[in-house]
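J.:
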Amino acid sequence: MRTLYSILCLILLVCAVSFTPHKPNKIYRFKVDSIDGGQINFSKFRGKKILIVNTASNCQYTYQYAELQNLYLTYGDKLVIVGFPCNQFGHQEEGDNDEISDFCKTRYGVSFPLSTKINVKGDSIAPIFKWLCNKSENGVMDVTIKWNFNKFLIDERGRLIAHFSSSVKPESKEITKYFR
C-alpha cells in the first residue's frame with residue numbers, strides 16, 4: 000500500500016511539473032518599436048550574439064556609442080547591437096526619438112538598431128528589460144541597472160550569458176572575448 004501511495008504521489012508530481020506554464024528563457028519572443036518607426040524583432044537575430052545596451056545622449060559614457068558602432072562593424076557577421084535610449088538616470092536622454100536618432104547618426108555614425116525611448120527599471124519597465132534583469136524571467140541572473148550604458152550579452156541561441164556595467168568599455172577584452 001505504501002509503495003502504491005508513493006507511486007501515485009510521484010505521478011501527481013510529474014503531472015504538476017509537466018503542466019506548469021513557464022516563460023521561455025530566450026530573447027526571441029520580444030519585439031520592440033524601432034526609433035525609425037519600424038519594429039525590432041529579436042527572432043530575426045537567431046544564430047548571432049546580441050549586445051543590448053541602455054543608452055543616453057548626454058552621459059559621461061555617451062562616447063561608448065563610437066565603440067559600439069565599431070564593434071557592430073567589426074563583428075557584424077556574428078553580432079547584433081541594439082541600443083535602448085532611456086531617460087531614467089540623471090535626465091540624460093531628454094530628446095524625442097527623432098532628436099535621439101539624429102544625434103546618434105550625426106555624432107557617432109550609429110547604424111545599429113535603436114529602440115524608441117523606454118524605461119529600464121521601476122513600475123513601467125519595458126518587458127525586455129524585465130526579462131534581462133530578473134532571474135525568474137531569464138533563468139540566469141538578477142541585475143540592477145544603476146546607470147546608462149549597461150550591457151547585456153545574449154548568445155546565439157537567445158540565452159542571456161553576461162552583464163557588463165557602465166564602466167566596461169564595449170571594445171574591452173572582457174566583452175570582445177565572446178566574439179573571437
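Note that numbering that gives the first Met the number 0 has the sequence shown beginning at 0, numbered continuously upward.
All C-beta atoms, glycine included, are put in the ideal place defined by N, C-alpha and C.
A quick note: this is a predicted structure, and the numbers were derived from the prediction, not measured.
Could you check what DSSP says for V16 in three-state terms: helix, strand or coil?
T.: At V16, the pLDDT of 45 sits below 50, so the modelled position is not reliable; the number obtained from the coordinates is stated separately. Three-state result, V16: helix.
J.: Hey, F102 and G89: beta-carbon distance below 8 Å or not?
T.: no
J.: Would you call the CB atoms of E173 and K48 closer than 8 Å?
T.: no
J.: Which residues in the same chain as H21 place their Cβ atom closer than 7 Å to its Cβ, once the five residues preceding and following it in sequence are excluded?
T.: For H21, the predicted model reports a pLDDT of 49, less than 50, meaning its position is unreliable and no value from the coordinates is stated.
J.: Decide if T54 is buried, meaning its Cβ has at least 16 other Cβ atoms within 10 Å, or exposed.
T.: buried
J.: Give a single yes or no on whether D141 has its beta carbon closer than 7 Å to a heavy atom of the ligand NAP.
T.: Only the bare structure without any ligand can be found here, which leaves the ligand NAP out of the picture.
J.: By how many angstroms is the C-alpha of K104 removed from the C-alpha of D97?
T.: Roughly 11 Å separates the two Cα atoms.
J.: Measure the C-alpha to C-alpha separation of G138 and R158 and round it to an integer number of angstroms.
T.: 9 Å
J.: My assumption, with CB atoms under 8 Å, is that I99 sits in contact with L50. Please give the rounded CB distance.
T.: Here I99 is actually not in contact with L50; their C-beta atoms are around 18 Å apart, not less than 8 Å.
J.: In the DSSP output, what is D32 paired with across the bridge?
T.: Q38
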